[in-house]
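Right under this line is the structure:
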């Protein structure tokens, strides 16, 4: 370790921030040997959802799409939202360049430097994920409305380039949004099969963009970073982060959320088309139809997607106290197998017209799956890629009967959805649900964000490149 | 599913709460087939620490010791602390009986009932961990001071039976304990290789002891529970919970904490004695010496242990900004390899007398490992079984230079230690450390608890049985 001279490791991002010096990164002691090979550029092979996840092999960082969208869902997420504090567009560019290079390295299972290197500067890597390997880490970058305009100011000259689809989310019925979990100018969705790997990645990326500490002088002194961003200004600071998890069930099975129901059955590409032969529905759509921005978007978004995140608290104690048949009526599906109340297995089509012997709809008017179904929303579909979260207990006053008040779980769903256009995706679907969904008596939306996730990149590019071109 | 008649599943714990009806538990759809076999009674084979962890096989629930202490550390914890609200000792007994039976079932990978069963009552199992199998789940029960005496009241006639070793922890220098993460009359440490499994177990056990919901009537109506505890009173309510994680590195390796340093190198039984041949230290002690209560304790504690939990926030942004050599001087070990500053690999003995060419101690007076070493504390040793935690961001004012204030990580270490006697264990060791440890400028103790974890049990017994005998 420490084989490269300290001097050569300084400034590894180069003065212009664009040159990756191979010697800049000391190798992580990767147990599975996956640490050194950089992924090949321009990988555009489609990733599959719901297939086997592989066993820890790195997820390619380069490609037509950013990883972490059509990647088979990992078991952990750390979602991070940032406020931009940079004064100049060039500092935003610089942080995006640095993040791109670092993310590629992290996704390959590498550390950002040698935890045992130059003793006179802060370690370039915090060391808490040493030896873990890539663990299928993906880092997905998104641009919030504040990059383009904030408080009426066009801070970076990008206002005219704001995509029409990157709307401000409307206020939905029942919203109780906490600013401490809402908004942000940039986001990074870090997903991995180990929560420690996801947290490490965010910690390192946040550190690269953070303001200098007056007493300790991070920027100028840290091995590997050429100079502080704009002196003590920094470029971006964390606004909120949220960890989430999924039960690590058999690969390819639909994971269950904290309601105990399967979540994501109707995602694009699920199940494999062959499994749906003879089904009444035309299918759950393709990623091209539902997820990826096409020629209707600006160049930097073509192959990208829009991310909507909602922190949804679930009144678990209340939910656990209601009868199974009521739970199933609320959702419109069976709890155990996941099939619709109208019969069949998990992937059987919903029969929204079926009635019982008394003429009542089997899947009720206000059932969650009816209100969320594409056929109830003019064909609108989204990709759900949500995680459960558990932040302990909090004093909570529920907003529905029996109006429980007290120390309850601060837990629920970190809902994450990707779509080609939020106006015809999440917003279209959720407007009705926010008013009518039976599930609302158990759920409260307490955090929110919307981000434009640019197309994937080839080697040598950085995330959002064309957006910043003159 | 649902093969047993609903009527036979009601009252599975029996009127006296002590009879396990085999038909009471519907089987979880366990993917790995481990769901049905109950572990054999009276297993007293020693478990090893730091060895291979097995691959998801159930950890035996019965034995001389409770599981979750000398069990090789799982990757996730959910630590739960409860306040007793039961008015009568018999209600405490009943919850301990019910918890014991349920815990055995959960540890074997079973669900607490059929998520697809009787539709007219709340599902006996919340269903969020269906199909996951045991994932090495352990449930370790502990009794806090409040079981014996609370606010000067001897609520359950147990005051005279309080063990001398179950002291109230003193106030330590620097403590900033938040009541929302401190204390408790009972605790359950749920550890598993999947955080969803640990959370599910706590959720189910908490539900069994919770007060009735006036509107939904959990107790009397839920399949499998005979009658509510003392009408609407309940027996125990959650006071605080804390999730934690470890990086899932290769089995047997010492995991790293969020400081990026290995944590637990000097635990009893580590490394295997053969690896220490020729070492200067006599060894790290045995579980018999360090962890298990012997004949000095009451019968119900013989083979048990005392648990001390501390929620320790770490100023990660501050730590990440200091030079590597300072980090290593603070700890007294190398960051990368974990060896002492006085040389050698991770398991090399500390040389606390070694000086450099200028005559200064190599491992400084106030280094973390010196202050924590057995030889600095009259031979005191503890078993560290800690986890990292990450609860997002919070507004924090640090208590050391440079007195950073702002939005920082609400993250750190959920320190969990087991010992034969806290007076000669954690308290002995930490009193000096709280005053002198260089690490204190990066850490703040913000939560705390002490619990007596009774001996393990044989089949048919319940946790703490002799304590409640007349």
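Protein chains in written order, with my numbering: chain A, 1 to 470; chain B, 1 to 470.
Think of the CB as a built atom: it goes at the ideal place given N, C-alpha and C, for glycine as much as any other residue.
What is the rounded straight-line gap between the Cα of residue i and the Cα of residue j?
i, j, result
"residue 311/A", "residue 297/B", "48 angstroms"
"residue 73/B", "residue 236/A", "37 angstroms"
"residue 291/A", "residue 396/A", "36 angstroms"
"residue 17/B", "residue 173/B", "Unreliable placement is indicated for residue 17/B, whose pLDDT of 31 sits below 50; the coordinate value is still reported in the next sentence. Near 45 angstroms, if we compare the C-alpha coordinates of residue 173/B and residue 17/B."
"residue 192/B", "residue 108/B", "12 angstroms"
"residue 403/B", "residue 315/B", "11 angstroms"
"residue 142/B", "residue 419/B", "13 angstroms"
"residue 399/B", "residue 446/B", "13 angstroms"
"residue 387/A", "residue 247/A", "9 angstroms"
"residue 206/B", "residue 375/A", "40 angstroms"
"residue 187/B", "residue 129/A", "30 angstroms"
"residue 381/B", "residue 163/B", "20 angstroms"
"residue 267/A", "residue 69/A", "12 angstroms"
"residue 353/B", "residue 443/B", "27 angstroms"
"residue 394/B", "residue 325/B", "29 angstroms"
"residue 303/A", "residue 293/A", "5 angstroms"
"residue 391/A", "residue 83/A", "23 angstroms"
"residue 59/B", "residue 144/A", "47 angstroms"
"residue 139/A", "residue 176/B", "36 angstroms"
"residue 249/B", "residue 345/B", "18 angstroms"
Please tell me whether residue i has its Cβ less than 8 angstroms away from any Cβ of chain A.
i, result
"residue 347/B", "no"
"residue 291/B", "no"
"residue 241/B", "yes"
"residue 225/B", "With a pLDDT of 43 at residue 225/B, under the threshold of 50, the modelled position of this residue cannot be trusted, and the question is left open."
"residue 390/B", "yes"
"residue 473/B", "Any property of residue 473/B remains undetermined from this structure, which presents chain B solely from 1 to 470."
"residue 126/B", "yes"
"residue 131/B", "yes"
"residue 207/B", "yes"
"residue 335/B", "yes"
"residue 325/B", "yes"
Would residue i count as contacting chain B if we go by Cβ distances under 8 angstroms?
i, result
"residue 74/A", "no"
"residue 13/A", "Any reading at residue 13/A is ruled out, since the residue's pLDDT is 30, under 50, leaving its predicted position unreliable."
"residue 362/A", "no"
"residue 247/A", "yes"
"residue 196/A", "yes"
"residue 258/A", "yes"
"residue 474/A", "Because chain A is modelled from 1 through 470, residue 474/A falls outside the range shown and cannot be assessed."
"residue 377/A", "no"
"residue 356/A", "no"
In terms of residues, what are the limits of the alpha helix (DSSP H) holding residue i?
i, result
"residue 433/A", "426-436"
"residue 99/A", "89-107"
"residue 446/A", "Where residue 446/A is concerned, there is no enclosing alpha helix (DSSP H), although the beta strand (DSSP E) it sits in stretches over 443-453."
"residue 329/A", "324-331"
"residue 472/A", "The first residue shown for chain A is 1 and the last is 470, placing residue 472/A beyond what the model contains."
"residue 202/B", "195-209"
"residue 370/A", "368-372"
Provide the residue span of the beta strand (DSSP E) that contains residue i, from first to last.
i, result
"residue 356/A", "Note, residue 356/A: premise wrong, no beta strand (DSSP E); not H, not E."
"residue 82/A", "76-84"
"residue 311/A", "305-314"
"residue 406/A", "405-419"
"residue 350/B", "Neither: residue 350/B is in no beta strand (DSSP E) and is coded neither H nor E."
"residue 245/B", "236-245"
Taking 8 angstroms as the CB-CB cut-off, is residue i touching chain D?
i, result
"residue 367/B", "The displayed structure is made up of protein chains A and B, and chain D is not among them."
Three or more C-beta pairs below 8 angstroms linking the segment 115-131 of chain A and the segment 186-202 of chain A: Segment contact: the segment 115-131 of chain A against the segment 186-202 of chain A, three or more CB-CB distances shorter than 8 angstroms; contact assigned.
Given 8 angstroms, three or more beta-carbon pairs between the segment 365-375 of chain A and the segment 437-446 of chain A: Judged by Cβ distances under 8 angstroms, the segment 365-375 of chain A makes contact with the segment 437-446 of chain A, as three or more pairs qualify.
Cβ contact check for the segment 443-461 of chain A and the segment 57-65 of chain A: 3 or more pairs under 8 angstroms: Flag = yes, the segment 443-461 of chain A and the segment 57-65 of chain A touch.
Chain A contacts from the segment 299-318 of chain B (Cβ-Cβ distance under 8 angstroms): So the close ones are 316, 317, 318.
Segment contact flag, the segment 326-341 of chain B with the segment 369-380 of chain B, C-beta cutoff 8 angstroms, min 3 pairs: At 8 angstroms Cβ cutoff, the stretches touch.
Touch test, the segment 333-348 of chain B against the segment 250-264 of chain B, Cβ-Cβ under 8 angstroms, three pairs minimum: Verdict: yes, contact present.
Segment contact flag, the segment 76-90 of chain A with the segment 148-167 of chain A, C-beta cutoff 8 angstroms, min 3 pairs: In short, these stretches touch, since the Cβ pair count reaches three.
Selection of the segment 137-170 of chain A by Cβ proximity to chain B, strictly under 9 angstroms: Along the segment 137-170 of chain A, none of the residues has a CB nearer than 9 angstroms to a CB of chain B.
Proximal residues, the segment 422-449 of chain B versus chain A, C-beta separation under 9 angstroms: So the list is empty, because no residue satisfies the distance condition.
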